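Going by our numbering, the first residue of the sequence shown is number 1, and it counts up by one from there. Note that the Cβ used here is the ideal one computed from N, Cα and C, for glycine as well. What you are looking at is a predicted structure, and each value in this text was computed from that prediction instead of being measured.
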Amino acid sequence: MLNMKIDMKKWREALIAGNDVVAIPVMTHPGIELTGDTVRKAVSDGVAHSKAIVALADKYPTAAASVIMDLTVEAEAFGAEIAFSENAVPAVVGHMLNSADDIKALKVPSLRDGRVPQYLKANLLAARKITDRPVIAGCIGPFSLAGRLYDMSEIMVLIYQDPEAAHNLLAKCTEFILRYCKAIKETGVNGVLIAEPAAGLMSNDDCKRFSSDYVKHIVDNVQDDNFSVILHNCGNTGHCTQAMVATGAAGYHFGNKCDMAEVIRDVPPTALAMGNLDPVTVFKDASPEEMRKVTAELLEKMKDHPNFVLSSGCDTPPYTPMANIDAFFDALHTYNSK
Numbered sequence: 001m002l003n004m005k006i007d008m009k010k011w012r013e014a015l016i017a018g019n020d021v022v023a024i025p026v027m028t029h030p031g032i033e034l035t036g037d038t039v040r041k042a043v044s045d046g047v048a049h050s051k052a053i054v055a056l057a058d059k060y061p062t063a064a065a066s067v068i069m070d071l072t073v074e075a076e077a078f079g080a081e082i083a084f085s086e087n088a089v090p091a092v093v094g095h096m097l098n099s100a101d102d103i104k105a106l107k108v109p110s111l112r113d114g115r116v117p118q119y120l121k122a123n124l125l126a127a128r129k130i131t132d133r134p135v136i137a138g139c140i141g142p143f144s145l146a147g148r149l150y151d152m153s154e155i156m157v158l159i160y161q162d163p164e165a166a167h168n169l170l171a172k173c174t175e176f177i178l179r180y181c182k183a184i185k186e187t188g189v190n191g192v193l194i195a196e197p198a199a200g201l202m203s204n205d206d207c208k209r210f211s212s213d214y215v216k217h218i219v220d221n222v223q224d225d226n227f228s229v230i231l232h233n234c235g236n237t238g239h240c241t242q243a244m245v246a247t248g249a250a251g252y253h254f255g256n257k258c259d260m261a262e263v264i265r266d267v268p269p270t271a272l273a274m275g276n277l278d279p280v281t282v283f284k285d286a287s288p289e290e291m292r293k294v295t296a297e298l299l300e301k302m303k304d305h306p307n308f309v310l311s312s313g314c315d316t317p318p319y320t321p322m323a324n325i326d327a328f329f330d331a332l333h334t335y336n337s338k
């Protein structure tokens, strides 16, 4: 049986209207440690991945559960070489495209390629097990995928020297991501977080032309009352929030490089604005006391914004101490108890 349908529009409205701030940190790696698996197993085996998602949902009062933010899955499906290690996140090795001719010859892969089936399985199993809150899947954004296939520095040159070739590549990336998001929706999960960090390297206008216009096409085709798209851009320092919002997504997830109180001004009051505690220097490396203090400070800073959702600025890395996650939720509980 698939996850019971959650009216995500009403869920979002209830979060905004509620008295308490809720938390949706992007974290799965601590769940992998709870289940005793390795990162390599979790990113390769949908059963192990789903167990990590469920373990975290059982342990922490998140407002939604999230899957691993793995920005190599789609590139691997296209044929990119991926480096794996037992307890670190996978990484794309080099790049596979070097010219406009390479882009023209590039085939859009099947959803059976690479580890895509395992990620769909993880979403399906998590949606079956977690029925008390939404489950949010994950995928890469079009521009970030294009950068992994063509090389990040080179794609920045390409958009100026040969925008037609860049748009051709982005169209192929978008075609695959849209097909993937439709399959994700079929698993019974309640939304998808599209990670588009590379779009933060561009100006607001270029971010709209080479990222947001393509993301909007995906949003327009998959988002409805029962399925929400959340756009993540941890490369945004505040300069391209307007381009992000032009996608029409139900929520926007910000990294720690921006001032949350500033960027939320560009977010519609009916959309969620999520962020933005540093996943490395705060979640992973700070003491529990520092974690509690920084979390409390952010909550106080955002008190006048009902659509604010407390989160990490990006996926929390492997070996994030449980004591720090506990302190994060303790600080939230203390704040909401005032």
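Once the 5 residues before and after PHE329 are set aside, which same chain residues still bring their CB inside 8 Å of it? The count along the sequence shown starts at 1 and reaches residue 329 at position 329. Its chain contains ALA23, TYR60 and PRO61 as the residues whose beta carbon lies nearer than 8 Å to that of PHE329, once the 5 sequence neighbours on both sides are disregarded; these appear in chain order.
Cutoff 7 Å; reference CYS258; Cβ partners in own chain excluding five residues on either side: Sequence index remark: in the sequence shown, residue 258 carries index 258 (1-based). Hits under 7 Å: ASN236, THR237, GLY238 and ASN276.
Excluding sequence positions up to five away, which residues of its chain have a Cβ less than 8 Å from the Cβ of ASN3? The sequence position of residue 3 within the sequence shown is 3, counting from 1. Model confidence at ASN3 stands at a pLDDT of 49, short of 50, so the residue's coordinates are unreliable; what they give is reported in the following sentence. Sequence-distant Cβ neighbours of ASN3 in its own chain, meaning closer than 8 Å and more than five residues away, are ALA127, ARG128, ILE130, THR131, VAL135, GLY188, VAL189 and ASN190.
Quick one: Cα of LEU299 to Cα of HIS305, how far? Position 299 of the sequence shown, counted from the first residue, corresponds to residue 299. Position 305 of the sequence shown, counted from the first residue, corresponds to residue 305. Take the alpha-carbon of LEU299 and the one of HIS305: they are about 10 Å apart.
Looking at C-alpha atoms only, which residue of THR316, VAL54, TYR150 and LYS182 is the closest neighbour of ALA198? Taking the sequence shown and counting its residues from 1, the one referred to as residue 198 is at position 198. Selected option, being the one with the closest Cα: TYR150.
Along the beta strand (DSSP E) that carries HIS305, what are the first and last residues, could you check? Residue numbering aside, residue 305 sits at position 305 when the sequence shown is read from its first letter. Element bounds for HIS305: n/a, residue is neither H nor E.
For the segment 102 to 171, which segments carrying the alpha helix (DSSP H) assignment without a break, of at least 4 residues, lie completely within its bounds, in sequence order? Counting whole runs of 4 or more residues, the segment 102 to 171 contains the alpha helix (DSSP H) stretches 116 to 129, 142 to 150 and 152 to 161.
Shortest alpha-carbon distance to VAL267 belongs to which of VAL280, ASP278 and TYR252? Position 267 of the sequence shown, counting from 1, holds the residue named residue 267. Among VAL280, ASP278 and TYR252, the Cα nearest to that of VAL267 is on TYR252.
Between which residues of its own chain and ALA286 is the CB-CB distance below 6 Å, once the five residues before and five after are set aside? Your numbering for residue 286 matches position 286 in the sequence shown. For ALA286, where only same-chain residues beyond five positions count, there are no Cβ hits under 6 Å.
Taking 8 Å as the CB-CB limit, is LEU231 close to chain B? No chain B appears in this structure, which consists of one protein chain only.
In the structure shown, what three-state DSSP assignment does LEU2 receive? Locating residue 2 in the sequence shown gives position 2, counting from the first residue. Only weak support is given to the placement of LEU2: the predicted model assigns it a pLDDT of 47, under 50, and the question is left unresolved by the model.
Of the residues LEU193, ASP206 and LEU106, the one placed nearest ALA75, counting alpha carbons only: To locate residue 75, count along the sequence shown from 1; it is residue 75. Distances from the CA of ALA75 to each of LEU193, ASP206 and LEU106 were compared; the closest alpha carbon is that of LEU106.
Should GLN161 be labelled buried (16 or more other beta-carbon atoms within 10 Å of its own) or exposed? As a working note, residue 161 is residue 161 in the sequence shown. That one is exposed.
What is the DSSP secondary structure of MET274, counted as helix, strand or coil? Looking up residue 274 in the sequence shown gives position 274. It is a strand residue.
Please state the DSSP three-state secondary structure of ASN204. Position 204 of the sequence shown, counted from the first residue, corresponds to residue 204. ASN204: helix per DSSP, three-state reduction.
Closest residue to VAL192 among ILE155, PHE283 and ILE68 (Cα-Cα distance): The sequence position of residue 192 within the sequence shown is 192, counting from 1. Nearest C-alpha to VAL192: ILE68.
Of the choices TYR335, HIS232 and VAL294, whose alpha-carbon is the least far from that of ARG138? Translated into the one-based positions of the sequence shown, residue 138 becomes position 138. In the sequence as presented, Arg is not what sits at residue 138; that position holds Gly. If we check each option's Cα against that of GLY138, HIS232 comes out closest.
Pop quiz: ILE218 and ILE177 are said to be a contact at Cβ under 8 Å. What is the actual Cβ separation, rounded to whole angstroms? The residue labelled residue 218 in the question sits at position 218 within the sequence shown. The residue labelled residue 177 in the question sits at position 177 within the sequence shown. Between ILE177 and ILE218 the Cβ distance is about 6 Å, and since that is below 8 Å, they are a contact.
Please identify the residue among PRO30, ALA63, LYS185 and ALA52 whose C-alpha is closest to the C-alpha of ASP20. Looking up residue 20 in the sequence shown gives position 20. For ASP20, the nearest C-alpha among the options comes from ALA63.
Can you grab the Cα-Cα spacing for the pair HIS29 / THR281, in whole Å? As a first step, residue 29 must be located in the sequence shown, where it is residue number 29. As a first step, residue 281 must be located in the sequence shown, where it is residue number 281. Near 16 Å, if we compare the C-alpha coordinates of THR281 and HIS29.
To the nearest angstrom, how far is it from the Cα of MET260 to the Cα of ALA243? Along the sequence shown, one-based indexing puts residue 260 at 260. Along the sequence shown, one-based indexing puts residue 243 at 243. So the alpha carbons of these two residues sit roughly 16 Å apart.
8 Å contact criterion, which LYS339 and VAL108 should meet: CB distance rounded: As displayed, the chain neither begins before 1 nor continues past 338, which places residue 339 out of reach and without an answer.
Are the beta-carbon atoms of ASP113 and ALA65 separated by less than 8 Å? Taking the first residue of the sequence shown as position 1, residue 113 is located at position 113. Taking the first residue of the sequence shown as position 1, residue 65 is located at position 65. No, the pair does not count as a contact, with Cβ atoms beyond the cut-off.
Selection from PRO321, CYS234 and ARG209 that minimises the alpha carbon distance to LEU170: Taking the sequence shown and counting its residues from 1, the one referred to as residue 170 is at position 170. Out of PRO321, CYS234 and ARG209, ARG209 has the C-alpha closest to the C-alpha of LEU170.
For SER337, does the three-state DSSP call read helix, strand or coil? For the purposes of this step, residue 337 is taken as residue 337 along the sequence shown, with counting starting at 1. In the structure shown, the three-state DSSP call for SER337 is coil.
Return the Cβ separation of LYS8 and ASN226 in integer angstroms, given the expectation that the two are a contact with Cβ distance under 8 Å. Reading the sequence shown from its first residue, position 8 is the one you call residue 8. Reading the sequence shown from its first residue, position 226 is the one you call residue 226. It should be noted that the sequence gives Met, not Lys, for residue 8. Yes, MET8 and ASN226 are in contact; Cβ-Cβ is about 6 Å, under 8 Å.
Is it buried or exposed, HIS333, if we count other Cβ atoms within 10 angstroms and call 16 or more buried? Start at 1 with the first residue of the sequence shown, and residue 333 comes out as number 333. Taking a 10 Å sphere around the C-beta of HIS333, we find fewer than 16 other C-beta atoms and assign the residue as exposed.
Considering Cα atoms alone, identify which of ASN87, HIS95 and GLU86 is closest to ALA146. On the sequence shown, position 146 is the one that residue 146 refers to. Residue HIS95 is the option with its Cα nearest to ALA146.
Take MET1 and list the residues in its own chain whose beta-carbon comes closer than 7 Å to its own, dropping the five residues that flank it on each side. Looking up residue 1 in the sequence shown gives position 1. Because MET1 sits at a pLDDT of 40, beneath the cut-off of 50, its placement in the model cannot be relied upon, and the following sentence gives the value as read from the coordinates. Excluding sequence neighbours, MET1 sits near ARG128.
Within the segment 40 to 95, note down every full beta strand (DSSP E) run reaching 3 residues or more, in order along the chain. For the segment 40 to 95, the full-length beta strand (DSSP E) segments reaching 3 residues or more read 81 to 85 and 88 to 93 along the chain.
DSSP state of GLY31 mapped onto helix, strand, coil: Translated into the one-based positions of the sequence shown, residue 31 becomes position 31. GLY31 falls in the helix class under three-state DSSP.
May I have the straight-line CA-CA distance separating ALA165 from THR241, to the nearest angstrom? Here the question's residue 165 lines up with position 165 in the sequence shown. Here the question's residue 241 lines up with position 241 in the sequence shown. Approximately 26 Å between the Cα atoms of the pair.
Buried or exposed: which applies to TYR319, given that a residue is buried once 16 or more other Cβ atoms fall within 10 Å of its Cβ? As a position in the sequence shown, residue 319 is number 319, starting the count at 1. It counts as exposed.
Residue range of the alpha helix (DSSP H) that ILE16 falls in? Locating residue 16 in the sequence shown gives position 16, counting from the first residue. Element bounds for ILE16: 8 to 17.
In angstroms with no decimal places, state the Cα-to-Cα distance between ASP102 and ASN168. As a first step, residue 102 is located in the sequence shown; it is residue number 102 there, counting from the start. As a first step, residue 168 is located in the sequence shown; it is residue number 168 there, counting from the start. When rounded, the distance between both Cα atoms is 11 Å.
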